[in-house]
Structure formats: C-alpha cells, structure tokens
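Top to bottom, those sequences are chains C and V. For the record, in the first sequence the residue sitting at position 353 is 372 according to this note's numbering, with numbers rising by one throughout. For the record, in the second sequence the residue sitting at position 110 is 888 according to this note's numbering, with numbers rising by one throughout. Quick reminder that beta carbons are idealized off the backbone N, C-alpha and C, glycines included. Keep in mind it's a predicted model, so treat the numbers as computed, not measured.
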Amino acid sequence: MKKEIYLDFASTTPVRKESLKEALPYFEEKFGNPSSFHSTGLIAKNAMKNARKTIAKILNCEDSEIIFTGSGTESINLAIKGIALKTMLENKAKGECGASGTFITQKTEHHAVLETMNWLKKFGFEIIELEVNEEGIVDLNELRKILGKQNQEGKKVLLVSIMYANNEIGTIQPITEIAQIVHEHKTLLHTDACQGAEYLSLDTKKLGIDMLTLNGSKVYAFKGSGLLYKKKGVTIEALIHGGGHEGGLRAGTENIPAIVALAKSLQLAEKEKVKESARLTKLRNYFISKVQKEIPRTVLNGSLKQRLPNNVNISFEGVEGESILLRLNENGIRVSTGSACTSQSLEPSHVILALGRPHELAHASIRFTLGKSTTKQQLDYTIKELKETIKFLRMISSAWNEKKYTLNHKDVKK
Amino acid sequence: MKVEGQDWFYTPEVKKHFMTPIKFLKDEKEIKNFNGHGKVGNMKCGDMMEMWIKVDKDKIKDVRWRTFGCASAIASTSMLAEMLIEKGGMTLDKAKKLSGKDIMDRLGGLPAIKIHCSVLGDQALREAIKDYEAKL
Numbered sequence: 020m021k022k023e024i025y026l027d028f029a030s031t032t033p034v035r036k037e038s039l040k041e042a043l044p045y046f047e048e049k050f051g052n053p054s055s056f057h058s059t060g061l062i063a064k065n066a067m068k069n070a071r072k073t074i075a076k077i078l079n080c081e082d083s084e085i086i087f088t089g090s091g092t093e094s095i096n097l098a099i100k101g102i103a104l105k106t107m108l109e110n111k112a113k114g115e116c117g118a119s120g121t122f123i124t125q126k127t128e129h130h131a132v133l134e135t136m137n138w139l140k141k142f143g144f145e146i147i148e149l150e151v152n153e154e155g156i157v158d159l160n161e162l163r164k165i166l167g168k169q170n171q172e173g174k175k176v177l178l179v180s181i182m183y184a185n186n187e188i189g190t191i192q193p194i195t196e197i198a199q200i201v202h203e204h205k206t207l208l209h210t211d212a213c214q215g216a217e218y219l220s221l222d223t224k225k226l227g228i229d230m231l232t233l234n235g236s237k238v239y240a241f242k243g244s245g246l247l248y249k250k251k252g253v254t255i256e257a258l259i260h261g262g263g264h265e266g267g268l269r270a271g272t273e274n275i276p277a278i279v280a281l282a283k284s285l286q287l288a289e290k291e292k293v294k295e296s297a298r299l300t301k302l303r304n305y306f307i308s309k310v311q312k313e314i315p316r317t318v319l320n321g322s323l324k325q326r327l328p329n330n331v332n333i334s335f336e337g338v339e340g341e342s343i344l345l346r347l348n349e350n351g352i353r354v355s356t357g358s359a360c361t362s363q364s365l366e367p368s369h370v371i372l373a374l375g376r377p378h379e380l381a382h383a384s385i386r387f388t389l390g391k392s393t394t395k396q397q398l399d400y401t402i403k404e405l406k407e408t409i410k411f412l413r414m415i416s417s418a419w420n421e422k423k424y425t426l427n428h429k430d431v432k433k
Numbered sequence: 779m780k781v782e783g784q785d786w787f788y789t790p791e792v793k794k795h796f797m798t799p800i801k802f803l804k805d806e807k808e809i810k811n812f813n814g815h816g817k818v819g820n821m822k823c824g825d826m827m828e829m830w831i832k833v834d835k836d837k838i839k840d841v842r843w844r845t846f847g848c849a850s851a852i853a854s855t856s857m858l859a860e861m862l863i864e865k866g867g868m869t870l871d872k873a874k875k876l877s878g879k880d881i882m883d884r885l886g887g888l889p890a891i892k893i894h895c896s897v898l899g900d901q902a903l904r905e906a907i908k909d910y911e912a913k914l
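Here it is as structure tokens:
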C-alpha cells in the first residue's frame with residue numbers, strides 16, 4: 020500500500036481523537052435538543068453551555084459573546100451582512116436610503132469575505148480593498164489614510180475586515196495595530212482567524228477586535244462547524260431566522276456534537292500551541308531551505324518572519340501547479356496549488372497576484388501545509404519526490420530553459 | 779489509502795499520457811531532424827505548447843513537443859503525438875483537419891473547463907504545418 024503524506028492541513032484537518040470521543044455520545048444516547056424543556060434536552064443544553072464556557076475562556080470573553088455557526092464562511096457572512104442589514108434598518112428608520120457606508124477589507128482575504136463584500140456593492144455599499152506589500156502584509160499607513168479620508172468626507176466606515184493569517188501564504192497580519200487604528204477612527208474590526216486559531220493567540224481583549232471568526236474544520240474539529248465572536252455592544256442583524264437560537268442571531272437546532280468537538284479541539288490547541296508552533300516552525304524552515312537548496316529557481320511566496328508555523332508556499336519556475344500537484348498525488352503526497360487549472364475560473368490565485376507576482380508564478384505555486392502528523396521523514400520523502408517531479412516537468416516544459424531565465428523576477432532564487 | 783469510487787480526476791487515458799507522456803523533446807539537439815515548428819499559448823494563461831514535426835512525402839513521420847501546462851494540456855499534446863505518428867504517419871491533409879475534439883475524444887473526454895487545453899494542441903500542430911509549408 021502506498022503511504023499517504025497529507026500536506027494540506029490548511030484545506031482541512033482530520034478530527035482529533037479526543038474531540039471525536041467527546042462528541043460521540045451526543046449522536047446517540049445524549050441526542051437531545053437543547054431547547055427541549057425536559058431532562059434529555061437539559062443534558063444537551065449543559066453540554067453546549069460547557070462548550071461555550073470553555074471557548075469563552077480561550078477567547079477571553081463572555082459566554083454570550085459566542086455565536087455558533089455552521090462554518091467559518093457562515094460566520095464571516097453573519098459578521099459582514101449582519102452589519103450591512105443593521106445599517107439598512109437604521110437608515111430606514113431615519114427615513115434615509117437603505118444602503119450607505121463603507122466596508123474596508125484587503126486583497127488577500129478569503130473569498131468568503133471578498134465575495135460577500137462584492138455582493139453588498141450591489142446594494143449601494145462602498146467597498147475598499149487595501150493593497151498588501153510583497154509579503155502580503157497590509158500597509159498600516161494606507162489603512163490610516165483611507166480611514167481618515169472617509170472621516171473627512173463624512174462617510175461612515177461600517178466595518179473593517181482583515182484576516183488574522185492568510186490561508187494560502189500564511190502571512191500573519193498585525194491585528195493588534197490594525198485594531199488600534201480602526202478604533203481610533205471609531206469603527207469596528209472583524210477578523211477571519213480560521214487559519215491562525217491553531218497557532219496564534221485568540222485572546223480577543225489583547226487583540227482588541229470586535230468580531231472574530233473560527234472554523235472547526237481547520238482546528239481538528241468537525242466540518243460544518245464554526246463560530247462568530249461578537250463583542251457585547253456590537254449590534255448585527257441575523258441572517259437565519261426561526262426559533263431564536265444563539266441570542267436570536269442564528270436560528271436552527273444547535274449541532275451539539277460539533278460544538279462539543281470544537282470546544283475540545285480549541286482547548287487542546289490552546290494547551291499545545293507553544294510547543295506545536297515551535298515544532299512546526301522548525302520543520303517548516305527546514306523544508307523551505309532544503310527545497311531552495313535542492314531545486315533551482317524557486318520563489319517563496321509570503322513572509323518568512325510573519326508566517327504561520329505550518330505554511331509553505333513556493334512557485335517553481337517553468338512548471339504549472341496542477342501538474343506538480345497530480346504527479347505528487349500519484350506518489351501519495353497531497354498538496355494544493357494557486358494555479359488557475361484547479362479553480363473554476365481561469366484566473367490563478369488572487370493572493371499570489373496581490374503580492375505583485377506575475378501570472379506565471381501564480382500558476383506555478385504549490386502550497387504545503389503541515390500539521391500534527393507531519394514528520395521530518397515525510398518532508399524528506401516529499402522533497403525527494405518533488406525534486407524528481409520538477410525535473411521531469413521542466414524537461415517537457417516549453418516555458419523552461421536551463422540556460423536562460425524565462426522570468427526576470429527579482430525573487431527567483433538561483 | 780484506497781480511493782472509493784472514481785480513482786482519478788481525469789480518464790485513464792489522460793492519466794496514462796500525463797504520467798508517461800511520449801514523444802516529448804528530450805534534447806534540443808534533436809530539433810535539427812525536424813522541418814516544421816509551431817508554438818502557441820502563453821505563460822500568462824498557464825498553457826504554452828511547442829511542436830516540431832518531420833514531414834516526408836506529405837506525411838508526418840515523426841513529432842516532438844514541449845508543453846507548459848496542466849495535466850490535460852500535457853496529456854493532450856502527448857495523445858496528439860500518438861495520433862500523428864501511428865499507422866505510418868498522418869497525411870498533412872488529414873492533420874490540417876484534426877480538431878481539438880478529435881484529441882479530446884481519444885482521451886475519453888475532458889472536464890468542460892479543460893477543453894481549451896486540447897484545443898491548443900491542434901493549434902500548435904497547424905502552426906508547425908504552416909511553418910513547414912512556408913519553407914517549401
């Protein structure tokens with residue numbers, strides 16, 4: 020049997036055994052509906068209460084500030100559309116036109132943020148996407164400038180949404196500083212913390228954020244689970260109406276097993292954070308430097324310093340990402356690519372393009388994301404196979420010339 | 779790990795030609811043996827194909843190629859090479875009429891979004907034939 024080396028943990032994680040074990044009883048013997056007014060329901064209600072308490076402790080917030088959702092994407096939609104709908108209602112009450120005001124985000128956000136905001140444009144909201152530098156970091160001065168200009172022009176900035184860490188290139192944004200700037204300008208900050216949750220601090224007080232999104236399927240809990248932290252005093256409208264669950268902000272019978280698993284996974288992650296981050300950072304740096312040593316003409320996408328411990332994203336000059344992905348897959352290695360060929364559009368990764376890289380390098384990018392089960396042996400095997408794969412694909416490539424650089428890019432490592 | 783259901787993203791024929799492609803240009807010294815050359819696509823779009831043909835008595839006797847692109851782009855160029863040289867070589871008349879769909883059919887089909895990859899193959903071939911005829 021061919022061994023499987025899974026290096027796509029940013030895509031999704033397996034459910035960790037401890038969390039699965041905690042969740043299993045809530046499928047069968049403790050199957051109750053927390054809204055029921057009897058003992059069976061009470062058991063489920065208590066489980067949810069305890070899970071909320073556990074998570075609140077990690078987020079350094081109150082239990083009531085956590086809204087469980089069906090995914091990270093739903094959480095993001097709730098934060099952004101929730102603010103938009105609230106604004107429309109307030110404006111209507113004042114007898115004004117419904118949609119007015121500005122949302123600010125940045126170019127490398129997940130589609131959940133970008134597409135949601137794009138949709139809000141149709142209603143008349145203004146959307147501003149901040150540029151990032153070549154490492155993928157938001158320019159704080161630009162943020163300050165834009166917020167100042169909006170104030171000057173008498174426009175109301177409704178929400179700033181900037182991710183904690185990027186899913187493709189692992190770039191960590193200076194969220195604390197961003198929060199300060201946002202608050203100086205009297206507006207709110209939402210952050211998509213799905214990718215950072217396993218490795219970075221989730222202390223909402225220290226970070227100074229108003230809303231934060233987490234996703235179960237990235238932290239060794241269930242797919243189809245997530246949450247929105249919403250600071251007390253921040254008001255939003257619900258997207259899903261019904262029985263008034265989750266403080267009236269997300270109707271529908273709560274997914275108790277998923278909530279229990281999410282709490283357990285986050286609790287364990289918090290405990291293991293420092294040690295696991297150090298272990299993965301070491302492995303990540305080893306992998307990056309070895310790839311750069313063994314394979315000529317590669318480009319590291321993202322930042323070396325402000326980078327998630329588990330993320331590696333490299334472009335290989337002269338070869339296309341899907342081809343690399345599928346050949347590695349044949350050897351049991353699972354990765355992902357920013358090439359257009361695996362997307363439903365014909366455009367390559369918007370994240371790599373936002374760094375100022377040419378299309379060629381976006382097509383040629385491969386993301387390796389490490390996780391709990393990743394070992395040095397696995398990485399050594401991956402490098403060996405990767406080296407063969409790149410060598411072969413370059414040999415048959417019409418965009419590769421050993422003697423001549425097909426790309427005149429300063430970041431191409433010789 | 780055993781994959782349940784469909785085992786690959788493409789047809790077995792695509793997989794075969796992608797994993798073990800035939801008639802690609804190994805050594806640039808070989809180029810001198812060919813009398814027609816075509817190149818289409820660009821790296822910005824993520825697909826670029828180059829083809830060399832050897833025409834003898836109005837038949838394509840041999841072919842070499844190089845492709846930058848995804849699995850279906852590589853497989854369709856390799857498949858095109860097989861179609862051109864099988865049965866003693868394809869006549870120029872027939873080769874000129876070859877369409878992207880012909881290549882795709884031989885590959886057992888491609889996902890809709892990938893169809894342009896095989897279309898590039900017949901374009902590269904036509905460029906190579908044009909180049910050969912211009913030199914006559």
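Kindly indicate which three-state DSSP category residue i falls into: helix, strand or coil?
| i | result |
| --- | --- |
| L39 of chain C | helix |
| S417 of chain C | coil |
| G173 of chain C | coil |
| M821 of chain V | coil |
| A849 of chain V | helix |
| Q396 of chain C | helix |
| W830 of chain V | strand |
| M20 of chain C | Here M20 of chain C scores only 45 on pLDDT, less than 50, and its place in the model should not be relied on; the value that follows carries that caveat. Coil. |
| N234 of chain C | strand |
| A184 of chain C | strand |
| V151 of chain C | strand |
| G167 of chain C | helix |
| W843 of chain V | strand |
| F411 of chain C | helix |
| F142 of chain C | coil |
| I95 of chain C | helix |
| T798 of chain V | coil |
| S30 of chain C | coil |
| K72 of chain C | helix |
| T127 of chain C | coil |
| I809 of chain V | helix |
| D211 of chain C | strand |
| I838 of chain V | strand |
Check each candidate in the options and name the one with the smallest Cα separation from residue i.
| i | options | result |
| --- | --- | --- |
| K164 of chain C | C:G155, C:E150 and C:E154 | C:E150 |
| L380 of chain C | C:S368, C:S334, C:A418 and C:M67 | C:S334 |
| G167 of chain C | C:G189, C:M136 and C:I200 | C:I200 |
| F87 of chain C | C:L281, C:L365 and C:M414 | C:L281 |
| L233 of chain C | C:I278, C:K224 and C:A257 | C:I278 |
| I809 of chain V | V:W830, V:S896 and V:M857 | V:W830 |
| M861 of chain V | V:L876, V:D871 and V:I852 | V:L876 |
| S180 of chain C | C:I188, C:G173, C:E172 and C:P193 | C:P193 |
| T31 of chain C | C:E187, C:N320 and C:I409 | C:E187 |
Are residue i and residue j close, meaning C-beta to C-beta below 9 Å?
| i | j | result |
| --- | --- | --- |
| L78 of chain C | D229 of chain C | no |
| V238 of chain C | A270 of chain C | no |
| G243 of chain C | A198 of chain C | no |
| A849 of chain V | F796 of chain V | yes |
| L285 of chain C | I74 of chain C | yes |
| V354 of chain C | I307 of chain C | no |
| D211 of chain C | A131 of chain C | yes |
| K105 of chain C | T254 of chain C | yes |
| W870 of chain V | K832 of chain V | Checking the sequence shown, residue 870 of chain V turns out to be Leu, not Trp. No, Cβ-Cβ distance for L870 of chain V and K832 of chain V is not below 9 Å. |
| K175 of chain C | S119 of chain C | yes |
Is any beta-carbon of chain B found at less than 9 Å from that of residue i?
| i | result |
| --- | --- |
| G337 of chain C | Of the protein chains in this structure, namely C and V, none is chain B. |
Scan the segment 845-859 of chain V for residues whose Cβ lies nearer than 7 Å to a Cβ of chain C and list them as they occur along the chain. T845, F846, G847, C848, A849 and I852
Fill in: Runs of beta strand (DSSP E) wholly within the segment 306-386 of chain C (minimum 3 residues, chain order)
The qualifying runs are 317-319 and 330-335.
Could you list the residues in the segment 783-806 of chain V with a C-beta less than 9 Å from some C-beta on chain C, going in chain order? W786, F787, Y788, K793, F796, M797, P799, F802, L803 and K804
- At 4 residues or longer, and completely inside the segment 868-913 of chain V: list those alpha helix (DSSP H) runs for me, N to C. 870-875, 878-884 and 893-913
*Can you give me, in chain order, the residues of the segment 303-320 of chain C that have a beta carbon less than 9 Å from any beta carbon in chain V?*
Residues passing the 9 Å Cβ filter: none.
>> If we require 4 or more residues per run, which alpha helix (DSSP H) segments fall completely within the segment 243-294 of chain C?
In response: 264-267
* Asked: If contact means a Cβ-Cβ distance below 7 Å, which residues of the segment 826-839 of chain V contact chain C?
  -> M826, M827 and E828
The segment 368-381 of chain C: positions lying closer than 8 Å to chain V by Cβ: P377, H378 and E379
Listed in chain order, which residues of the segment 346-359 of chain C have Cβ atoms closer than 7 Å to some Cβ of chain V?
Answer in chain order: E349, S358 and A359.
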